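Asks: The sequence shown runs 4 to 428 under this note's numbering. Sharing a structure with you now.
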Amino acid sequence: MGFRETKTPGSDITASGWYPWILVGALWVVAFLNYLDRILIASMRDPIVKEFTLTDAQFGLLTSVFLWSYGLLSPFGGYLADKYSRKTVIIFSVAVWSAATIWTGWVSSFEEMAAARIVMGASEAFYIPAGLALITDYHRGKTRSLATGLHFSGLYAGLALGGIGGYIAEIWGWRWGFHIFGFFGCAYAVILLYILKDKKQDKGNLTSADREVVLVQEDDKKISLWSSIKSLFKEPSFLLLLFYFIVLGIANWLIYAWLPTFLKEQFNLGLGESGISATLYIQIGSFAGVLLGGLWADKWFKTNKRSRIWVVLTGFTVGAPFMYLMSATSVFLIAIIAMFIFGMARGFNDANLMPIVRQVADSRYVATAYGFLNFLSTVAGGLMVYVGGALKDADISLALIYKIAAVLLLLATWALFFVKVKDRS
Numbered sequence: 004m005g006f007r008e009t010k011t012p013g014s015d016i017t018a019s020g021w022y023p024w025i026l027v028g029a030l031w032v033v034a035f036l037n038y039l040d041r042i043l044i045a046s047m048r049d050p051i052v053k054e055f056t057l058t059d060a061q062f063g064l065l066t067s068v069f070l071w072s073y074g075l076l077s078p079f080g081g082y083l084a085d086k087y088s089r090k091t092v093i094i095f096s097v098a099v100w101s102a103a104t105i106w107t108g109w110v111s112s113f114e115e116m117a118a119a120r121i122v123m124g125a126s127e128a129f130y131i132p133a134g135l136a137l138i139t140d141y142h143r144g145k146t147r148s149l150a151t152g153l154h155f156s157g158l159y160a161g162l163a164l165g166g167i168g169g170y171i172a173e174i175w176g177w178r179w180g181f182h183i184f185g186f187f188g189c190a191y192a193v194i195l196l197y198i199l200k201d202k203k204q205d206k207g208n209l210t211s212a213d214r215e216v217v218l219v220q221e222d223d224k225k226i227s228l229w230s231s232i233k234s235l236f237k238e239p240s241f242l243l244l245l246f247y248f249i250v251l252g253i254a255n256w257l258i259y260a261w262l263p264t265f266l267k268e269q270f271n272l273g274l275g276e277s278g279i280s281a282t283l284y285i286q287i288g289s290f291a292g293v294l295l296g297g298l299w300a301d302k303w304f305k306t307n308k309r310s311r312i313w314v315v316l317t318g319f320t321v322g323a324p325f326m327y328l329m330s331a332t333s334v335f336l337i338a339i340i341a342m343f344i345f346g347m348a349r350g351f352n353d354a355n356l357m358p359i360v361r362q363v364a365d366s367r368y369v370a371t372a373y374g375f376l377n378f379l380s381t382v383a384g385g386l387m388v389y390v391g392g393a394l395k396d397a398d399i400s401l402a403l404i405y406k407i408a409a410v411l412l413l414l415a416t417w418a419l420f421f422v423k424v425k426d427r428s
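This is the structure in C-alpha cells:
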C-alpha cells in the first residue's frame with residue numbers, strides 16, 4: 004500500500020503515544036540541516052567571490068541553480084513519498100545532500116561549485132514534501148498546525164545559524180563550514196534508520212471521505228504521477244495556492260540570498276555581523292510565529308475549518324508592509340523590528356500551509372501537492388535571486404527590489420480569500 008510501516012530490529016517506538024512528537028523532534032534536526040547547508044553560502048559571499056573572481060550575478064547564480072534543481076525535482080520527490088516509503092525518501096535525501104555539502108567544501112572552481120549546488124538542490128528536493136507528509140500522517144486536527152510549525156522551527160534555526168558561516172569564514176576559512184555540517188549530516192542519516200517509521204493508516208479514525216481514499220491507496224497501481232497531476236491541477240483552490248506560494252518564494256529567496264549584502268551596505272555592518280543579523284532576527288520572529296500561529300489555528304479549527312487560511316492571511320497582511328519598512332528605513336533598530344514582524348508572518352504561514360494543502364488536495368497526493376508548490380516557488384525564487392544580482396550589477400538598489408516584492412506578496416496573500424477548503428482535519 005502507499006503508506007508502509009517498516010520494522011527496524013530492536014525498535015518498537017511507534018507503539019508509544021509519544022512517537023508523533025519524537026518524530027517531530029527527529030525531523031527537526033533534519034530540517035535544521037536542510038536550511039543550514041543551503042544558506043551557508045549566503046553569509047560567505049566575500050571570500051567566495053574573491054577566491055573565484057565572481058560578479059554579483061554569478062554569485063547569485065550559485066543559489067539560483069540550487070533552487071532550480073530543487074524545484075524541478077520536488078514534485079517527483081513528493082510522488083515517491085506518496086507512492087512508496089516516506090522514511091526511505093527522507094533518509095536518501097539527507098545522505099545525498101550531506102555528501103554534496105562536503106563536496107562543496109572541496110571545490111576548486113566556480114563551475115564545480117555550481118555542479119555541487121545542483122546536486123545539493125536535487126537531493127534536498129526530496130525531503131520537505133516527504134517530511135511534512137509524514138508529520139501530518141501522525142498529527143491530525145488538534146495538533147497538526149503546531150506539529151508542522153515546530154518542525155519548521157528547525158528550518159528557522161538552520162537559517163539563523165547559517166549566518167555563522169561568516170564568522171567561520173573569517174576564522175578558519177569558508178570551506179570548513181561545509182565540511183563540519185556535511186559530515187554531521189551523513190552520520191545523522193544512519194541514526195534516522197532506527198528512528199523513522201512510516202505511518203500505517205488507521206481507517207477507523209478517518210472521516211468517510213478520507214477512508215475511501217485510503218482504500219484506494221492500498222493499491223499502489225492506483226497512484227501514478229499523471230493521476231496526481233490531473234487531480235491537483237483541476238482543483239481551482241490548489242492553483243490559487245500555487246500562485247500565492249510562487250510570490251512567497253520570490254520574496255523569501257530574495258531576502259535569504261541578498262539580505263546579508265543589503266544589511267552590510269545599508270547599515271555599514273561587518274561580514275559576520277551582517278550575516279548573523281540577516282538570519283537571526285527573522286528566524287526569532289518565525290519561531291514565535293510558528294508557535295503562536297500553530298496553537299491559534301489548531302484551537303480555532305474546532306469552530307472554523309478555514310482557521311488556517313485566516314491565520315496566514317492575518318500574518319502577511321501585517322508582515323508584508325513591515326518588509327517594505329525594512330527596505331525603506333535607515334535606522335538599524337527599525338530594520339530589526341521589521342525583520343522580526345516579517346518573520347512572525349512567515350511562521351504563521353509555515354505552521355499552516357501543509358495543513359491547508361491537506362484540506363485542498365486529494366488525500367492520496369499531499370506530498371506530491373507540496374512538491375509542486377516547492378517546484379514553482381523555488382524556480383521563480385531562483386530566477387529572482389539571479390535577477391536580483393543582475394539588477395545590483397546594473398546599480399539598481401536591493402531596497403527598491405525588496406519594496407516591490409513586499410507589495411506583490413501582500414496582493415498574493417489576499418488571493419487566499421478565494422481558496423475553498425474541504426471539511427477534513
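C-beta: ideal position from N, C-alpha, C; glycine also. Keep in mind the model is a prediction, meaning the values are calculated, not measured.
For residue 240, does the count of other Cβ atoms within 10 angstroms reach 16, so buried, or fall short, so exposed?
Replies: Counting Cβ neighbours within 10 Å, residue 240 comes out buried, since at least 16 surround it.
Asks: Return the first residue and the last residue of the alpha helix (DSSP H) that residue 364 is part of.
Replies: Taken as a continuous stretch (DSSP letters only), residue 364 belongs to no alpha helix (DSSP H), as it is neither H nor E.
Asks: Measuring only the C-alpha atoms, how far is residue 323 from residue 252?
Replies: Near 13 Å, if we compare the C-alpha coordinates of residue 252 and residue 323.
Asks: Could you give the first and the last residue of the continuous alpha helix (DSSP H) run that contains residue 370?
Replies: It spans 369 to 396 - the alpha helix (DSSP H) in which residue 370 sits, taken as one unbroken run.
Asks: Looking only at its chain, what residues have a beta carbon closer than 7 Å to the beta carbon of residue 310, apart from the 5 residues adjacent to it on each side?
Replies: Closer than 7 Å at the Cβ level, and outside the excluded window around residue 310, lie 300, 303 and 304.
Asks: If you follow the alpha helix (DSSP H) that residue 186 is part of, which residue opens it and which one closes it?
Replies: Residues 178 to 195.
Asks: Counting contacts by CB-CB distance shorter than 7 Å, is residue 48 in contact with chain C?
Replies: Of the chains in the structure shown, none is chain C; there is only one protein chain.
Asks: Near residue 328, what residues of its chain come up, given a Cβ to Cβ distance below 6 Å and the 5 sequence neighbours on each side ignored?
Replies: Excluding sequence neighbours, residue 328 sits near 341.
Asks: Can you tell which of 138, 422 and 406 has the C-alpha that lies nearest to the C-alpha of residue 238?
Replies: Nearest C-alpha to residue 238: 422.
Asks: Excluding the 5 residues preceding and the 5 following residue 325 in the sequence, name in chain order all residues of the same chain whose CB lies nearer than 6 Å to its CB.
Replies: The residues are 341, 344 and 345.
Asks: Going by alpha carbons, who is nearest to residue 145 out of 380, 307, 197 and 402?
Replies: Of the listed residues, the one whose Cα sits closest to residue 145 is 307.
Asks: Does DSSP put residue 21 in a helix, in a strand, or in coil?
Replies: Residue state, collapsed to three classes: coil.
Asks: Can residue 339 and residue 284 be called in contact, C-beta distance under 7 Å?
Replies: Against a cut-off of 7 Å, the Cβ pair of residue 284 and residue 339 comes out as a contact.
Asks: Using 8 Å as the Cβ pair cut-off and three pairs as the minimum, do the stretch 83 to 93 and the stretch 123 to 142 touch?
Replies: With a cut-off of 8 Å, the stretch 123 to 142 and the stretch 83 to 93 count as touching, because enough Cβ pairs lie within range.
Asks: For residue 363 and residue 425, which I take to be in contact (beta-carbon distance under 8 Å), what is that distance rounded to the nearest angstrom?
Replies: Confirmed, Cβ separation roughly 7 Å.
Asks: Looking only at its own chain, which residues have a Cβ that is under 6 Å from the Cβ of residue 35, when we skip the five neighbours before and after it?
Replies: Only 157, 160 and 161 meet the Cβ criterion.
Asks: Assuming contact is defined by CB atoms lying nearer than 7 Å, are residue 382 and residue 71 in contact in what I supplied?
Replies: Taking 7 Å as the Cβ cut-off, residue 382 and residue 71 qualify as a contacting pair.
Asks: Taking three-plus beta-carbon pairs below 8 Å as touching, is the stretch 56 to 75 in contact with the stretch 96 to 105?
Replies: Contact fails: fewer than three Cβ-Cβ distances are below 8 Å.
Asks: What three-state label does DSSP hand residue 238 in the structure shown?
Replies: Three-state result, residue 238: coil.
Asks: Looking at the structure shown, is residue 271 part of a helix, part of a strand, or coil, going by DSSP?
Replies: Reduced to three states, the DSSP call for residue 271 is coil.
Asks: Compute the Euclidean distance between the alpha carbons of residue 207 and residue 373, then round it to the nearest angstrom.
Replies: Low per-residue confidence applies at residue 207: pLDDT is 49, beneath 50, and the placement is therefore not dependable enough to give any value.
Asks: If you check the beta carbons only, do residue 263 and residue 275 fall under 7 Å apart?
Replies: Their beta carbons are not under 7 Å apart, which means residue 263 does not touch residue 275 by this criterion.
Asks: Let me know the secondary structure DSSP gives residue 211 once reduced to three states.
Replies: Any reading at residue 211 must be qualified, since the residue scores a pLDDT of 47, below 50, and its modelled position is unreliable; the value itself is stated next. Of the three classes helix, strand and coil, the one that applies to residue 211 here is helix, per DSSP.
Asks: Which residue wins for smallest C-alpha separation from residue 24, given the options 53, 139, 87 and 234?
Replies: Looking at the Cα atoms, 139 is the closest of the given residues.
Asks: What is the DSSP secondary structure of residue 422, counted as helix, strand or coil?
Replies: Note: residue 422 maps to coil in three-state DSSP.
Asks: Counting along the chain, where does the alpha helix (DSSP H) carrying residue 154 start and finish?
Replies: Run containing residue 154: 147 to 165, per the alpha helix (DSSP H) assignment.
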